[in-house]
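Residue numbers (the working numbering): 13 to 347.
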């Protein structure tokens, strides 16, 4: 953090249960970040819900007292299983009693040495800017999109959101009702508005995730799009995600994310860019979150199917697989 910035350090909030190896990697790399010694760490340890949780849970119980490198470590142990969503929400309620901001991470992230410097500097820099609602540590530029090669700054504002290591101000945090996902999916007008604003992927994923209530980050993206808000992303990712190994509650097994390159610098100083939609970022957003061509056709088919069945078909795993196979077949035909 540069000398002319206020040295305000947000607490880091991490909910966990039984993924010992993930949590250890997450906290060990976080403790090596610049500014960790000024940072309070809050860990919410949920209680095992089934036998397979116990081995990892016990390892985490033994690991937590050994954590060093932080200003303070607070561990909240649940006496019964309350689930990932409530575990995270209750942990944030505790933090909110003392802080006006927070850094949230799930237990499967690995961090660059300058992650905390980047997030905290951003939280201080944009605190009074109503257009910016979060500082995100992960960037999809790991996909090497050519559209961003001419973008000249080391971070960028985008109408999007990613929760893999994110800094948020409590007074800017949007609140969503328990029925908001249903309300969005039941409105043709809202759905097509999202598609027009290059947020069709959020609607698509929401149809599949709604059954597990894992729609939080998707709702944030739609909130940004509908209210003209931005999140700040780094041009070089500060986060590597290890959650796509099949151990997570919502993620499939993929290797790309854990192989992604991340920043190795110890400090970060923001380039002087404006809060606006840059041409390169507009193209990036369309590639990341928009729908076109065969993907748009497939989405319309799936959405109509969702509406005709009231969403029940998306609880049928066999049917979902058939839909995926059809999408692959159609894509091959159109090549």
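Yeah, the Cβ is synthetic: ideal placement off N, Cα and C, and Gly gets one too.
Model, not experiment: these values are computed from the prediction.
For residue 84, the beta-bridge partners assigned by DSSP are 52. Taking one beta carbon from each stretch, the segment 107-126 and the segment 275-287 have 3 or more pairs nearer than 8 Å; the two touch.
Taking C-alpha positions only, residue 254 is separated from residue 285 by approximately 31 Å.
According to the DSSP secondary-structure assignment, residue 243 is paired through a beta bridge with 146, 170. Counting C-beta atoms within 10 angstroms of its own C-beta, residue 118 has 16 or more neighbours from the protein chains shown and is therefore classed as buried. Non-local beta-carbon contacts of residue 311 in its own chain, meaning distances under 7 Å to residues more than five positions away in sequence, involve 212, 216, 303 in chain order. A residue is called buried once 16 or more other Cβ atoms fall within 10 Å of its Cβ, and residue 320, having fewer, is exposed.
Proximity of the segment 50-68 to the segment 80-88 meets the contact definition, three or more beta-carbon pairs being nearer than 8 Å.
DSSP lists no bridge partner for residue 76.
Across the set 288, 250, 214, the C-alpha of 214 shows the shortest separation from the C-alpha of residue 235.
Straight-line measurement puts the Cα of residue 183 at about 25 Å from the Cα of residue 28. Under the Cβ criterion (8 Å, minimum of three pairs), the segment 234-248 does not count as touching the segment 108-117. Taking C-beta atoms as the reference points, residue 128 and residue 113 fail to come closer than 7 Å. Counted as a single uninterrupted DSSP element, the stretch harbouring residue 311 is not any beta strand (DSSP E) but the alpha helix (DSSP H) occupying residues 305-321.
Straight-line measurement puts the Cα of residue 30 at about 11 Å from the Cα of residue 62. Only residues of its own chain outside the window of five on either side were considered, and among them 81, 82, 83 have a CB closer than 8 Å to the CB of residue 49, listed in chain order. Look at residue 204 here: in three-state DSSP terms it is helix. Cα atoms of residue 192 and residue 226: separation of roughly 13 Å, rounded to the nearest angstrom. Under the DSSP assignment, residue 114 falls in the beta strand (DSSP E) whose first and last residues are 113-116.
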